[in-house]
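Note sheet for the following structure.
In the working numbering, the protein residues as written are 29 to 586.
Given below as structure tokens:
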């Protein structure tokens with residue numbers, strides 16, 4: 029008996045240990061991440077190692093020295109309290125610089141008894157840059173010198189400094205040629221680069237360009253102005269410029285033959301996914317089930333992703349809700365996300381097959397059409413609990429006939445034949461009527477919807493035309509129409525309000541246009557500058573409300 033109790037106790041202890049082991053393993057895991065997974069050969073990036081436990085042993089980074097130069101590391105401890113539970117973590121930060129180009133792997137790093145996840149860093153060959161003799165210089169580069177209408181082009185402006193500067197000012201390149209929508213792709217980034225043995229502090233600003241028509245994008249040189257601190261003395265203001273750039277914009281290719289009505293959607297990568305409010309393949313009639321379909325497009329704005337029509341099927345009613353639009357910035361540009369939401373309600377018991385969801389899109393790197401697809405899904409609709417099953421009709425039982433009784437039947441064959449013919453005719457009429465009412469009705473053809481980017485381009489063209497004609501009233505109307513398309517939930521109500529949401533020099537020209545309403549009657553206004561400014565402007569994010577925030581202090585440590 030005692031032996032049995034001991035065995036039972038051992039089983040309980042082993043069970044507890046088996047349950048706790050995954051928790052301990054997850055708690056002690058080490059997470060590795062880099063700030064820039066795509067770098068050039070002469071550029072540095074940051075590696076962070078975070079352990080979700082209070083580990084005092086420093087990471088062993090000797091495995092990194094095969095492919096990277098490893099700088100001096102730093103560490104930071106963090107303690108948080110979540111739902112009364114205390115969690116401690118420690119983060120180690122290292123500055124790395126690749127030794128060669130290619131796909132370099134950061135192997136698992138050992139921290140105590142744990143190891144981090146491996147990472148891959150893409151290292152490009154060093155771009156052509158001025159020799160390392162210059163103390164300050166600026167470069168501009170694009171990831172594509174040939175693109176398509178509405179496809180993203182990344183413009184990177186980099187400022188290199190090997191000396192300290194004072195009063196820095198960066199003037200972004202101006203755009204000429206076709207109409208272009210400009211978005212800031214994240215915050216300015218700072219890192220170090222080595223060119224010909226000289227260490228430079230680099231500030232990088234990235235723009236996402238979206239041409240709205242075919243032709244050419246003409247980028248003027250970016251300009252950096254600053255005073256240089258040398259040997260304790262400050263020089264006069266100096267100007268540094270990058271080279272001009274031209275990008276060819278190709279027209280939209282025809283849709284694929286199997287999808288003749290495909291919406292033009294260029295992107296670097298596109299993911300189509302779905303999730304449901306609850307698991308399982310069974311729903312109860314009358315109870316709602318929520319389905320989410322998410323389109324994630326790298327290199328495209330969330331406002332340009334087309335709506336996904338809900339796949340319908342007999343036996344279920346589908347009610348679409350307002351989509352959720354968002355974006356995030358990645359190393360390869362802006363990733364737009366559109367999340368559709370549908371409520372499904374079963375109306376009749378049985379099996380419902382929702383058809384597959386297919387979304388054609390254009391891969392700008394492979395220059396070909398591709399199709400993202402969600403497979404069809406079968407749902408079983410169960411009857412609701414308050415439905416009463418219908419009992420089968422009980423046939424009438426004929427009265428028993430005694431053996432000795434005679435049964436007398438009087439049959440008028442002509443009368444019953446006429447009744448049968450009448451019932452048959454009524455049944456035929458009913459069948460024809462049912463067929464007529466159930467045949468698919470031809471729906472009126474819906475008017476073709478103009479894509480958002482074309483509506484925006486029309487507004488900007490109308491504004492430029494009115495500015496060249498000196499028609500201030502028409503300029504206001506066209507620009508406010510564009511503002512309503514750009515910010516449908518928070519549209520600017522005046523030209524002055526619009527000026528706070530765009531970059532210079534357009535912001536200044538809009539302020540001048542706004543002041544006409546308060547200036548003396550008959551004031552002269554020249555719309556030529558405004559027309560030129562409309563060819564080159566960026567939409568400012570909420571976090572960039574003042575010019576002082578557009579460029580961090582360009583002061584390398586002495």
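Heads up, the beta-carbon is just placed ideally off N, CA and C, and yes, glycines get one too.
Item	Value
Inside the region 220-289 only - beta strand (DSSP E) runs reaching at least 3 residues	226-239, 243-247, 251-258, 261-269 and 273-278
Assumed close pair residue 229, residue 241 - CB separation to whole angstroms, cut-off 8 Å	39 Å between Cβ atoms; not a contact.
Supposed close pair residue 400, residue 329 - CB separation, criterion 8 Å	With 8 Å as the limit, residue 400 and residue 329 do not qualify as a contact, their Cβ atoms being about 17 Å apart.
Under the three-state DSSP convention, the category residue 484 falls into	helix
Residue from 137, 126, 121 and 141 whose Cα sits closest to the Cα of residue 83	141
Assigned secondary structure, residue 118 (DSSP; H/G/I helix, E/B strand, else coil)	strand
Pairwise C-alpha distance: residue 480 and residue 513	7 Å
The region 242-251 / the region 83-100 touching (three or more Cβ pairs under 8 Å)	no
Residue nearest to residue 118 in terms of C-alpha spacing, selected from 201, 138, 80 and 351	80
Beta-carbon contacts of residue 186 that lie in its chain and below 6 Å, excluding the five residues immediately before and after	167, 230 and 232
Buried versus exposed call for residue 527 [16 or more other C-beta atoms within 10 Å across all chains shown]	buried
Same chain only: Cβ atoms within 6 Å of residue 374, ignoring 5 sequence neighbours per side	311, 313, 344 and 409
Sufficient close CB pairs (3 or more, under 8 Å) joining the region 362-377 to the region 335-354	yes
Cα-Cα separation, residue 574 to residue 309	Any reading at residue 574 must be qualified, since the residue scores a pLDDT of 36, below 50, and its modelled position is unreliable; no value is offered.
Bridge partner(s) assigned by DSSP for residue 352	367
Cut-off 8 Å between Cβ atoms - residues of its own chain near residue 516, not counting five sequence neighbours on either side	none
Delimiting residues of the beta strand (DSSP E) encompassing residue 292	Segment: none, residue 292 is in no beta strand (DSSP E) and carries neither H nor E.
Exposure of residue 461, with buried meaning 16 or more beta-carbon neighbours within 10 Å	exposed
Bridge partners - residue 345, DSSP secondary structure assignment	373
Spatial distance of residue 561 from residue 175 (CA atoms)	23 Å
Cβ shell of residue 370 (< 6 Å), same chain only, five flanking positions each side left out	319, 338, 346 and 348
Contact with chain D by residue 146, beta-carbon distance below 8 Å	Within the model displayed, chain D is absent; a lone protein chain is all it includes.
Given residue 277 as reference, the closest of 89, 245 and 139 once Cα atoms are compared	245
Residue 306 versus 275, 407, 293 and 391, residue with shortest Cα-Cα distance	407
Exposed unless 16 or more other CB atoms sit within 10 angstroms - verdict on residue 576	In this predicted model, residue 576 has a pLDDT of only 35, less than 50, meaning its place in the structure is not dependable enough to derive any value.
Bridge partner(s) assigned by DSSP for residue 76	61 and 121
Counterpart residues of residue 137 in DSSP-defined beta bridges	Note: residue 137 sits in no beta bridge, so no partner.
Alpha-carbon to alpha-carbon, residue 292 and residue 286	14 Å
Given 8 Å, three or more beta-carbon pairs between the region 210-226 and the region 261-273	no
Distance, residue 340 Cα to residue 378 Cα	15 Å
DSSP beta-bridge partners of residue 553	The partner list for residue 553 (beta bridge, DSSP) is empty, contrary to what the question assumes.
Nearest-angstrom Cα separation, counted from residue 484 out to residue 391	24 Å
Cβ neighbours of residue 102 in the same chain (closer than 7 Å, five flanking residues each side left out)	121
Inter-residue Cα distance where the pair is residue 104 and residue 74	14 Å
Coil, strand or helix - residue 535 by DSSP	helix
Proximity below 8 Å, CB of residue 321 to CB of residue 385	yes
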